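Structure first, then comments.
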Amino acid sequence: MAYITGTNRYQVEAQLLSLDEMIDPSNKVRVIDAYVNSLDLSDLCFKEYSSSAPGQKAYNQKDLLKLHIYGYINKIRSSRLIEKECNRNIEVMWLINNLIPDHVTIANFVKSNKDSFKKVLRNLVALLRE
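Written out as structure tokens, the structure reads:
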């Protein structure tokens with residue numbers, strides 16, 4: 004009996020696509036990106052992220068906010084699961100430019116900005132309903 008077979012996992016393939024070309028123009032991550040880039044986070048009272056590791060540069064607040072909104076929309080609440088998505092999900096890779104913040108960084112950012120997140124998410128939901 005003949006079966007449908009996939010490609011050989013050891014076959015070397017050259018992909019000539021950028022991350023931008025892999026993401027559909029109507030994908031929701033493009034909406035998240037445009038929305039967060041339009042925000043002034045200092046007006047929304049977001050606290051400046053500071054790393055606990057000496058010498059480590061801080062992540063951009065907008066990148067962490069994009070990641071949190073992506074998790075919220077896709078029902079991913081755990082910072083550990085969001086960290087996993089950064090390693091394997093092309094949409095997340097596109098959204099935050101291949102950054103991989105650790106779960107502690109994500110959790111601390113969310114914990115220190117709970118009230119600001121509520122404002123942003125309410126505003127986003129209202130905008131999407133229109």
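In this note's numbering, each number is its position in the sequence shown, counted from 1, plus 3.
Just so you know, even glycine gets a beta-carbon here, dropped at the ideal spot from N, CA and C.
Note that this is a predicted model, so its numbers are computed, not measured.
Short Cβ contact (8 Å threshold) for residue i with residue j
i, j, result
"glutamate 86", "isoleucine 109", "yes"
"valine 39", "leucine 68", "yes"
"aspartate 46", "isoleucine 99", "no"
"asparagine 116", "lysine 60", "no"
Top-ranked residue by Cα proximity to residue i, from the options
i, options, result
"isoleucine 93", "Leu20, Tyr6, Glu16 and Tyr13", "Leu20"
"cysteine 48", "Tyr62, Val15, Phe112 and Glu133", "Phe112"
"asparagine 30", "Phe120, Asn11 and Asn77", "Asn77"
"isoleucine 35", "Arg132, Leu127 and Arg80", "Leu127"
"leucine 44", "Ala37, Ser119 and Leu22", "Ser119"
"lysine 114", "Glu16, Ser81 and Arg132", "Ser81"
"arginine 1", "Arg132, Ala5, Leu22 and Val15", "Outside the displayed span of the chain (4 to 133) sits residue 1, for which this structure offers no information."
Own chain residues within Cβ distance below 6 Å of residue i, not counting five before or after
i, result
"glycine 74", "Ile85"
"isoleucine 26", "Trp97"
Cβ neighbours of residue i in the same chain (closer than 8 Å, five flanking residues each side left out)
i, result
"proline 28", "none"
"leucine 70", "Ile85, Cys89, Val95, Leu98, Ile99, Pro104 and Ile109"
"leucine 102", "Tyr62, Asp66 and Cys89"
"leucine 124", "Ile72 and Tyr75"
"glutamine 64", "Leu44, Phe49, Glu51, Tyr52 and Phe112"
Beta-carbon contacts of residue i that lie in its chain and below 7 Å, excluding the five residues immediately before and after
i, result
"arginine 83", "His106"
"lysine 122", "Leu47"
beta-carbon residue i near the ligand MG non-hydrogen atom, thresh 7 Å
i, result
"arginine 12", "This structure lacks the ligand MG, and indeed carries no ligand of any kind."
Chain D contact for residue i (CB, 8 Å cutoff)
i, result
"isoleucine 85", "You won't find chain D in this structure, because it holds only one protein chain."
Quiz item: In chain order, which continuous runs of the alpha helix (DSSP H) of length 4 or greater are located wholly inside the stretch 10 to 84?
Solution: 22 to 25, 31 to 41 and 64 to 76
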